[in-house]
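Per the numbering used here, the very first residue in the sequence shown carries number 1; after that it's consecutive.
Cβ coordinates follow ideal geometry from the N, Cα and C atoms, glycine included.
Treat the numbers as computed from the prediction; the structure is a model and nothing was measured.
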Amino acid sequence: MIGDLTELAMEKAQAILGQGCSPIGLMASPEGYPHVWARDSVITSLGALLLAGHEHFLRVSLATLAGQPMGYPQQPWSAGMDNFAC
Numbered sequence: 001m002i003g004d005l006t007e008l009a010m011e012k013a014q015a016i017l018g019q020g021c022s023p024i025g026l027m028a029s030p031e032g033y034p035h036v037w038a039r040d041s042v043i044t045s046l047g048a049l050l051l052a053g054h055e056h057f058l059r060v061s062l063a064t065l066a067g068q069p070m071g072y073p074q075q076p077w078s079a080g081m082d083n084f085a086c
């Protein structure tokens, strides 16, 4: 039973990650809240590292955030799709 539950949880996690991955990184919610948040991207990436094929989204998220205009030494906390021409 625990094995089935773990497998179900892994399948649901993969489906959720597939929906949140975008050209600018891991988003909070692609439908209603299309932003890459620093905190959420890093936390989500901890799980994504366990799933083959998702590890590169952390790099994309961090590159997106690093590319936002901020004064040194500040780091941006979010970036939205409206900041990018896709």
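Per-residue DSSP class, three states only, for residue i
| i | result |
| --- | --- |
| Leu49 | coil |
| His56 | helix |
| Gly80 | strand |
| Gly3 | helix |
| Ala85 | Bear in mind that a pLDDT of 43 at Ala85, under 50, signals an unreliable position, so the model cannot answer this. |
| Leu62 | helix |
Counterpart residues of residue i in DSSP-defined beta bridges
| i | result |
| --- | --- |
| Ser22 | Gly25 |
| Val42 | In DSSP, Val42 forms no bridge with anything. |
Validate contact between the stretch 46-58 and the stretch 28-38 using beta carbons, cut 8 Å, 3 pairs: Two segments are said to touch when three or more pairs of C-beta atoms, one from each, lie closer than 8 Å; by this definition the stretch 46-58 does not touch the stretch 28-38.
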